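Accompanying notes for the structure given below.
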Amino acid sequence: MAKDTDKVVNLLDSELPEMSKNERLKVESEGLFWVAGKQRHSFRSEVDALARGEQASLSGDGKEISKHFGIYKQQERIDGRKSGDQIVMVRLRVPSGGEFTPEQWAACCEASDRWADGSLRLTTRQGVQFHHIAPRDLGAIVRFLNQEYPSSGYRMSTLGACGDVNRNTMCSPIDDLHPTLPLRSRELAFRIADELAPRSSAYFQAFLTDEEGKISEPLSSDEPIYGKHYLPRKFKVGIAHPDDNSIDLLTQDVGLAPICSGSTLEGYDLYSGGGLGTTHGNERTQAHLALYLGRIPADQGLEAVKATAILQKENGERKDRKQARWKYTIRRMGIDAVKQAMRERFGIALTDAEPRKLGPNRFFHGWNEELGGALFLGVPVPSGRLKDADGVRLRSAVSAIVGELRCGVRITGNQELLLTHIDPAQRGRVDEILDAHGVPQADAVSVFRRQAFGCPALPTCGLAMTHAEHAIPELADAVEKNGLGHVDVVLRMAGCPNHCSRPPSAEIGITGYGKNAHMIRVGASRNGDRVARVLYEKLGSEQLPEVLVGLLRAIDRNAGDSPPGDWLDATPDDELRALVGVEV
40 MAKDTDKVVN LLDSELPEMS KNERLKVESE GLFWVAGKQR HSFRSEVDAL ARGEQASLSG
100 DGKEISKHFG IYKQQERIDG RKSGDQIVMV RLRVPSGGEF TPEQWAACCE ASDRWADGSL
160 RLTTRQGVQF HHIAPRDLGA IVRFLNQEYP SSGYRMSTLG ACGDVNRNTM CSPIDDLHPT
220 LPLRSRELAF RIADELAPRS SAYFQAFLTD EEGKISEPLS SDEPIYGKHY LPRKFKVGIA
280 HPDDNSIDLL TQDVGLAPIC SGSTLEGYDL YSGGGLGTTH GNERTQAHLA LYLGRIPADQ
340 GLEAVKATAI LQKENGERKD RKQARWKYTI RRMGIDAVKQ AMRERFGIAL TDAEPRKLGP
400 NRFFHGWNEE LGGALFLGVP VPSGRLKDAD GVRLRSAVSA IVGELRCGVR ITGNQELLLT
460 HIDPAQRGRV DEILDAHGVP QADAVSVFRR QAFGCPALPT CGLAMTHAEH AIPELADAVE
520 KNGLGHVDVV LRMAGCPNHC SRPPSAEIGI TGYGKNAHMI RVGASRNGDR VARVLYEKLG
580 SEQLPEVLVG LLRAIDRNAG DSPPGDWLDA TPDDELRALV GVEV
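Heads up: the sequence shown begins at 40 in our numbering, then just goes up one per residue.
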């Protein structure tokens, strides 16, 4: 007999009292307008109280509502403890990584200078984060970012950048730039983002009305797709390109891989149920790659995503948030049941097929040709932190180029920038601006350093156990000191097992595992169709440089022409640890 704890609590056969507190807060918010608690109040009232200095930070219950508006309440960590200043992180939803217009890019830079720490943090979901915002400035920065700026297809907003909704919809940054196979998947990404954005009036009322227009009741709480419960957890969608899988397609809740005949888009290979987050010590949580469902027509991409979101809304776990992602729901339901619902309930023309091979995870560092003969420049951004520091004025250089040449700006899934639509005659001018700002050419930076990145982690992320972004430079220094900077390997590092930087799908992945301890994974594939295995369950921070240097030396001496991930995957653990020289 199944235990009560084995029961799935979902919308089909459970009541609100059986669900988690997060579910109650969402339902009682009436479309995210109210903050439920001992004294129900509007979320707008908290934003106003912060601005007047009457409230130090968002309330605990307000924090849960704020995530749906792209906001994270944080407190800076000092010596590992939350004893620093109360701060806020705001995330901008940028479908397909942009393309930012010069006006939008200038607004982002101005917002960071006025209310954040002067940096722009590019994310692995092709978004932008603003860090170290004082709580009193929360309303001001969100209102500023939501102003009307000339756009290339979307209006900047923080709505839906976090929370139990569809997050930033990803797409290959070269989708329509590819010189021989240009596609229009970015347009689909924009449609998915618009269709699955929250529809209630709460965001508008909380941030975008003045005092005279402030209304004390929600104008509309209707959510035609999400309903009053929203989704059980975050939901992620991505569209790859046949020649580029830098969005890591199989780590998405829904992944669409274009199927082309010549230059004609015929349909998509549909993948479902990916996600890398785990919980240390909880064997029920696992990093899963998406399952292949079949092939769909080109005009049903949006409908397939909507159908999946609805199935997750209805069937997803609503009590245990560690089991609430679609990756667990689809495996509980069974792939055959999901395929049947797609076909019979939602009318998706899903056909059985053999999936096409995915393209590689590509980096675009340096100059590249785009469709029509123009150029785009791939700019490496260390762990996605675009800033001016230590004599390298990278943020200022990008702003100068964008302002003078009026080029576009895109963000990739590897947290780098593409400066697009540059006239070949202006290439020298771009290089001149970079040099004047102390920014080295891409090929002057070691391959290892360019392809290694970490999540923000400590000191700002409340979930982080260790450093990640701040640890990468020291690790790269150790690698280069040992003459191994040329090794073409992808390393990703995360401060906790939520894995925002996707270590399980990297050739070498590092995950925080308690204070000053890390888990080391190896062996994922470069095209993202295999996750890495655990090589070292737990290592101290002081051992990381030695282990990393040992791994790269072993790859350099033994892998030959094999991709590093393939060689690592094929080498037994004992043999690999012996080559590294560090046992456990």
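Even for Gly, the Cβ is constructed at its ideal location relative to N, Cα and C. Keep in mind it's a predicted model, so treat the numbers as computed, not measured.
Can you tell me whether residue i is helix, strand or coil according to DSSP?
i: Gln379; result: helix
i: Val431; result: strand
i: Gln113; result: strand
i: Asn49; result: coil
i: Asn205; result: strand
i: Glu57; result: helix
i: Val577; result: Here the sequence assigns Lys to residue 577, which means Val is not the residue at that position. Three-state DSSP puts Lys577 in a strand.
i: Pro512; result: helix
i: Gln339; result: helix
i: Thr550; result: strand
i: Ala483; result: helix
i: Ser260; result: coil
i: Met40; result: Any reading at Met40 needs caution, since the residue's pLDDT is 34, under 50, leaving its predicted position unreliable; the model's value is listed next. Residue state, collapsed to three classes: coil.
i: Gln362; result: helix
Pull up the CB-CB distance for residue i and residue j, whole angstroms please, since I reckon it's below 8 Å.
i: Ser259; j: Gly109; result: Not quite, the Cβ-Cβ distance comes to about 20 Å (not below 8 Å), so this is no contact.
i: Arg63; j: Leu51; result: Between Leu51 and Arg63 the Cβ distance is about 18 Å, and since that is not below 8 Å, they are no contact.
i: Ala200; j: Arg130; result: 4 Å
i: Phe415; j: Thr459; result: 4 Å
i: Gln143; j: Tyr188; result: 5 Å
Would you call residue i buried or exposed, if buried means 16 or more other Cβ atoms sit within 10 Å of its Cβ?
i: Pro212; result: buried
i: Lys102; result: buried
i: Glu546; result: buried
i: Gly604; result: buried
i: Ser300; result: exposed
i: Ser302; result: exposed
i: Ala503; result: buried
i: Ile117; result: exposed
i: Arg488; result: buried
i: Glu455; result: buried
i: Asn61; result: buried
i: Glu356; result: buried
i: Ala609; result: exposed
i: Arg83; result: buried
i: Ala376; result: exposed
Could you check whether the Cβ of residue i sits closer than 8 Å to any Cβ belonging to chain D?
i: Val127; result: The chain inventory of the structure shown lacks chain D, comprising one protein chain alone.
In angstroms with no decimal places, state the Cα-to-Cα distance between residue i and residue j.
i: Val518; j: Lys65; result: 47 Å
i: His525; j: Lys352; result: 47 Å
i: Asp317; j: Tyr367; result: Per the sequence shown, the amino acid found at residue 317 is Thr instead of Asp. Straight-line Cα distance between these residues: approximately 12 Å.
i: Asn555; j: Ser580; result: 5 Å
i: Ile254; j: Arg182; result: 17 Å
i: Ser239; j: Ser81; result: 14 Å
i: Arg616; j: Ala329; result: 30 Å
i: Asp249; j: Gly412; result: 47 Å
i: Glu122; j: Tyr331; result: It should be noted that the sequence gives Ser, not Glu, for residue 122. Approximately 46 Å, taken between the alpha carbons.
i: Asp43; j: His319; result: In this prediction, Asp43 scores a pLDDT of 47, lower than 50, which makes its location untrustworthy; no coordinate-derived value is stated.
i: Lys242; j: Gln480; result: Going by the sequence as given, residue 242 is Tyr instead of Lys. Each residue's alpha carbon lies about 42 Å from the other.
i: Glu576; j: Met558; result: 5 Å
i: His280; j: Pro218; result: 13 Å
i: Ala326; j: Arg272; result: 16 Å
i: Ile461; j: Thr324; result: 46 Å
i: Glu622; j: Ser485; result: 28 Å
i: Cys535; j: Thr505; result: 7 Å
i: Ser438; j: Gly620; result: 46 Å
i: Arg230; j: Leu523; result: 44 Å
i: Leu397; j: Ile472; result: 37 Å
i: Arg395; j: Ile278; result: 14 Å
Beta carbon of residue i: closer than 7 Å to some heavy atom of the ligand FAD?
i: Cys299; result: Annotation note on the ligand FAD: not contained in the displayed structure, which lists no ligands.
Leaving out five residues on either side along the sequence, give the residues of the same chain with a beta carbon under 6 Å from the beta carbon of residue i.
i: His476; result: Arg432, Ser435 and Ala436
i: Trp606; result: Ala598
Excluding the 5 residues flanking residue i on each side, which residues of the same chain have their C-beta closer than 8 Å to its C-beta?
i: Pro542; result: Leu315, Arg531, Met532, Ala533, Gly548, Ile549, Thr550, Arg560 and Ala571
i: Ser158; result: Ser151, His170, Arg424, Leu425, Lys426 and Arg434
i: Arg160; result: Val167, Gln168, Phe169, His170, Gly423, Arg424, Leu425 and Pro495
i: Glu67; result: Trp73, Ala75 and Arg79
i: Glu513; result: Pro584
Considering only residues of the same chain and omitting the five flanking positions on each side of residue i, which have a CB-CB separation below 7 Å?
i: Leu304; result: Leu222, Pro297 and Ala337
i: Phe274; result: Val204, Asn205, Arg206, Asp292, Ala348, Gln351 and Trp365
i: Arg382; result: Leu389
i: Gln165; result: Val133, Ser135, Gly136, Asn207, Met209, Ile450, Thr451 and Gly452
i: Glu234; result: Leu341 and Lys345
i: Gln465; result: Leu444
i: Ser96; result: Lys112, Gln125 and Pro174
i: Cys539; result: Thr163, Cys494 and Ala533
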